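Chains as they are written, first to last, in my numbering: chain A, 15 to 334; chain B, 11 to 347; chain C, 7 to 289; chain D, 38 to 353.
Heads up, the beta-carbon is just placed ideally off N, CA and C, and yes, glycines get one too.
As the structure is a computational prediction, the values presented were derived from the model and not from experiment.
Encoded structure:
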């Protein structure tokens with residue numbers, strides 16, 4: 015019972031239809047058998063390229079997308095078994111912030127309304143107490159209480175992301191799912207938000223599921239990192255060893271693609287050859303096999319499963 | 011301040027001030043921007059949103075719609091010709107032929123209703139007066155050059171049938187099809203995944219080496235700059251803040267903004283608890299601070315910074331910087347080793 | 007709804023457009039006339055003066071007199087009431103029904119959406135006037151039935167716009183975020199989806215009003231509009247048309263009034279479209 | 038592509054079914070049936086006989102099924118008033134309406150699309166203002182009133198054109214056209230104005246797209262940028278508008294045919310409603326709705342031809 019969230023065998027399939035009558039002819043496996051867990055006050059980083067299913071994982075955990083299969087335990091309680099009333103109260107413990115700060119806040123609500131809404135909904139505060147709490151939250155995320163009457167469009171991207179964080183914090187969640195929270199921000203603003211998130215974690219003990227496509231950012235903020243490729247987790251390790259000792263060929267390619275801000279370091283970029291397989295078709299073997307330099311006959315026939323190769327380091331590859 | 015154009019440069023921008031309409035009034039978004047690019051060089055233009063980096067290069071090809079934009083001041087010399095005074099007809103002979111451009115969004119930059127082949131051959135037939143068959147052959151060669159497998163069949167593809175990386179390659183093939191002297195790349199990899207970004211960067215470097223192309227590479231990512239560029243122009247709030255050779259910039263940045271940007275980046279090869287952060291945010295074009303434009307966010311700012319705007323000066327070896335206190339930064343660095 | 011902070015910006019933008027202001031003025035004048043009616047004239051719209059038949063426009067009878075010697079100006083003032091009422095009333099019906107169905111279909115999707123959408127496609131397939139004719143015949147002649155007949159015709163217009171906007175907004179992150187904090191669907195529809203399409207609705211309502219005015223005029227012109235003795239501008243055109251050669255003013259003035267009202271509504275709609283366009287205004 | 042077309046055509050069926058249901062229900066709830074329209078001076082036996090003869094005594098669903106199956110066989114029933122087969126009347130009336138709508142459509146499209154493009158390309162210049170004002174007037178003027186004004190000017194005042202009547206095309210082309218030109222213009226003006234406005238805004242939107250900047254950056258002359266790169270993309274929303282407006286055209290035809298006393302389908306519908314000749318009303322409205330649905334389906338198919346993204350199977 016030491017984990018806050020335990021995800022096992024999470025699947026999300028979308029039916030593929032074809033023909034005049036739109037018969038279901040197959041499934042698009044957006045997320046296929048993903049398992050991981052997040053401890054209290056920990057950050058689990060989820061990296062992968064666009065279309066790898068990382069956002070679907072994030073939303074499925076909150077049941078914002080209904081998973082096809084799998085188990086999601088929040089402090090031992092099965093979220094998928096909950097009815098809508100139970101789920102509503104469970105949502106107090108889980109919040110989400112999004113990538114695009116421009117579309118993630120209702121443009122017709124003031125900052126006060128935005129931040130107080132979750133608290134009102136869960137009957138956490140009312141009247142002047144509500145007002146005080148909103149002020150405190152604004153201060154916590156580095157905004158002043160004068161901003162309370164303003165609307166989202168009067169703020170810059172970074173400030174909006176702060177409002178979003180304050181809104182998420184208002185119900186004192188145990189975990190926040192962060193879906194690319196800094197990808198749309200400028201470098202200098204990105205650093206401010208990352209620092210804020212780290213501070214909040216230290217002070218409040220919140221856990222994060224941090225979803226991003228940029229390796230450096232994920233590595234900076236996460237304790238543990240999971241790498242996704244085409245709906246599957248291919249490698250999970252703590253953030254230090256994923257950088258210094260990554261084992262999966264895809265992770266290695268991903269790492270080598272990260273530009274290093276030092277003109278004297280000449281990295282060797284591993285260029286991934288070959289086409290991304292079409293997930294709409296039935297796939298045999300390892301999904302990365304067609305693009306992998308170390309591919310063997312076994313890789314083409316048998317899909318590797320995620321297994322522990324070192325303490326706390328899991329890889330899904332036959333060659334490791 | 012008018013002088014002879016610098017012979018060293020293939021293209022030179024001088025004192026370019028471009029304005030946009032805000033509430034009906036023209037407000038400058040770039041102020042007295044001056045820099046040049048040498049033959050065979052990859053010049054990086056770095057800055058955050060609102061720095062005016064993209065506006066400047068679009069002014070070079072005169073691609074900004076007017077209104078709302080207008081060029082208030084400045085010259086852009088290409089082979090001794092001022093592009094800003096050319097007739098539209100003459101400008102058309104330069105665009106896509108001598109200078110070409112690729113854009114940030116490969117998804118929307120290709121016309122969805124025509125095949126890639128159609129769009130590439132169109133340029134070739136226009137500028138090189140080749141027949142349809144010859145143009146198709148050349149287009150296939152170009153696709154091959156940018157690393158697209160099975161080029162003949164790809165020519166018949168529509169843009170929506172290609173992935174983002176492929177589309178950007180098609181854009182590059184199209185841009186290079188008339189052997190231009192200069193390629194302007196406006197955030198060409200920002201919308202792409204890291205592994206695709208690495209491929210495109212490698213491709214551009216190879217092209218520079220193999221066909222001696224000059225590239226103006228616009229990006230907000232200093233790490234990408236370190237990968238690909240020979241020289242860098244750092245812009246902030248519509249002004250050039252620093253111009254330096256790549257090593258000088260990374261080892262000895264002289265502008266507090268450049269220094270801040272470098273420290274604010276999370277690095278994959280370093281572990282740090284907290285990142286340095288530049289306080290505040292980029293000012294809007296209509297609300298520029300007095301004096302130095304970076305002064306409200308600058309840790310080195312003094313009285314003088316809010317009173318006057320510093321000039322872009324040579325701090326030695328062609329390292330240009332726009333700051334009153336660059337000597338102080340240099341000294342600090344020497345002290346810290 | 008919460009416009010307060012955007013309000014001034016929008017108003018400023020609106021008033022910067024001359025045509026929009028012209029449209030607003032026309033609409034306000036028409037509304038005023040419709041409310042005040044014949045009391046603005048010294049003549050009665052129904053008083054027949056046999057010796058004053060077929061008087062051309064003059065200082066005595068501003069818009070002339072008709073075949074029964076009634077003052078056309080007074081009649082037009084009287085007709086404004088009917089025309090404006092039909093325009094507003096039927097638009098309200100279309101607005102409420104179309105929006106409600108569109109919201110539900112777009113938000114919940116599924117079988118409900120398929121059925122309603124198909125039904126709306128079917129309604130859409132009837133040319134407007136013909137459908138209104140048919141409904142009006144079924145319901146029988148009365149003012150309320152004209153509201154309904156024309157209102158039903160324009161339900162698909164609202165339905166389509168609201169449904170597609172709802173589908174767009176439904177996928178926006180702030181709506182997903184609202185579900186993440188535990189908001190229920192009704193609350194999301196009311197507080198998140200509806201307010202964010204209000205500008206679209208306002209514009210569409212204005213333009214629909216213009217269409218309804220023309221539809222009413224057409225129906226009345228065919229003799230299937232408002233029942234006698236009520237007279238809208240459309241039915242005045244009907245009675246004026248056979249006398250086109252003898253007394254063209256009987257056909258001119260009601261027509262000009264209809265066109266003016268429709269023009270005003272269109273100017274207003276276009277002005278609002280520009281002023282409210284969130285995409286342009288935001289950042 | 039073929040599959041998509043088949044699918045589109047099949048999708049017409051449920052809509053057609055619903056149209057027939059709506060229509061039948063509307064006629065069903067009408068106060069009194071056709072026998073009611075015979076007047077009060079006929080005997081009860083006659084009414085009874087009349088009802089049996091026309092199957093009015095059968096339950097509603099049986100009559101619905103009869104109606105639909107007969108229609109599928111091409112039998113639209115007989116008029117209650119004249120006792121003649123409706124199909125004969127359709128054969129006479131339909132060409133008139135078809136000529137009227139086609140004529141106004143052609144006039145409109147030929148003028149509207151170039152005008153819209155001109156307006157967009159020369160934005161904020163005199164030609165743009167002129168086009169925009171004309172288009173606005175065209176949108177706001179009630180078509181039947183425009184017809185009346187034309188009659189007043191060209192027939193009554195100038196005496197150039199006949200105000201009413203119809204001469205068949207096969208009889209005399211010139212006579213036919215002199216009688217059709219005013220109705221076609223009156224009907225087509227609103228259509229043309231709407232298409233002009235849509236063309237203008239679609240073009241402005243297209244000219245804002247990234248690929249237009251790309252085309253300019255390639256050094257293409259303005260002419261190629263507009264006629265090659267912008268036109269085909271802008272056509273997509275324009276075609277939609279044309280499709281939607283066609284439905285309105287048929288509605289407008291009802292009124293215009295009354296103004297110019299043309300013996301078309303529209304006037305026939307109005308007359309039949311007034312005479313409570315419901316089989317005729319139902320048959321005619323069904324045909325008009327069918328045409329509108331077919332046109333909308335055609336528009337969908339044309340979309341696929343213009344836009345390769347629609348016609349080819351989606352790839353992820």
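Within-7 Å CB hit, residue i to chain D
| i | result |
| --- | --- |
| residue 123/C | no |
| residue 133/B | yes |
| residue 115/B | yes |
Spatial distance of residue i from residue j (CA atoms)
| i | j | result |
| --- | --- | --- |
| residue 92/A | residue 85/A | 7 Å |
| residue 218/B | residue 255/D | 20 Å |
| residue 55/B | residue 196/B | 9 Å |
| residue 15/A | residue 301/A | Residue placement at residue 15/A cannot be trusted, given a pLDDT of 47 that sits under 50; the coordinates are not used to answer. |
| residue 71/C | residue 163/D | 41 Å |
| residue 22/C | residue 206/C | 20 Å |
| residue 88/C | residue 229/C | 15 Å |
| residue 49/B | residue 184/B | 21 Å |
| residue 288/B | residue 308/B | 8 Å |
Chain A contact for residue i (CB, 7 Å cutoff)
| i | result |
| --- | --- |
| residue 288/C | Annotation note: pLDDT 26 at residue 288/C (below 50); position unreliable, coordinate value reported separately. So yes, residue 288/C belongs to the interface. |
Residue-chain proximity (residue i, chain C), Cβ-Cβ < 7 Å
| i | result |
| --- | --- |
| residue 112/A | yes |
| residue 185/D | yes |
For residue i, three-class secondary structure by DSSP
| i | result |
| --- | --- |
| residue 92/B | strand |
| residue 340/D | helix |
| residue 97/B | coil |
| residue 169/A | coil |
| residue 277/A | coil |
| residue 96/A | coil |
| residue 289/B | coil |
| residue 254/A | helix |
| residue 118/C | helix |
| residue 195/B | strand |
| residue 147/A | helix |
| residue 162/C | helix |
Residue-level contact to chain B via CB, residue i, 7 Å cutoff
| i | result |
| --- | --- |
| residue 280/A | no |
| residue 253/D | yes |
| residue 337/D | no |
| residue 208/A | yes |
| residue 165/D | no |
| residue 276/D | no |
| residue 353/D | Its pLDDT being 28, under 50, residue 353/D is placed unreliably in this model, and the coordinates cannot settle the point. |
Residues bridged to residue i [DSSP beta-bridge criterion]
| i | result |
| --- | --- |
| residue 109/A | 190/A |
| residue 224/A | 59/A and 192/A |
| residue 77/C | 71/C |
| residue 122/D | 115/D |
| residue 24/C | Per DSSP, none; premise fails for residue 24/C. |
| residue 105/B | 109/B |
| residue 327/A | 324/A |
4 or more residues per run - each alpha helix (DSSP H) lying fully within the stretch 57-92 of chain A: 68-75
Alpha helix (DSSP H) segments (min. 4 residues) lying fully within the stretch 11-84 of chain B: 63-70
Those runs of the alpha helix (DSSP H) which lie wholly inside the stretch 230-314 of chain D and span at least 4 residues: 247-254, 268-296 and 302-312
4-residue-minimum alpha helix (DSSP H) runs that sit fully inside the stretch 280-328 of chain B, ordered along the chain: 313-317
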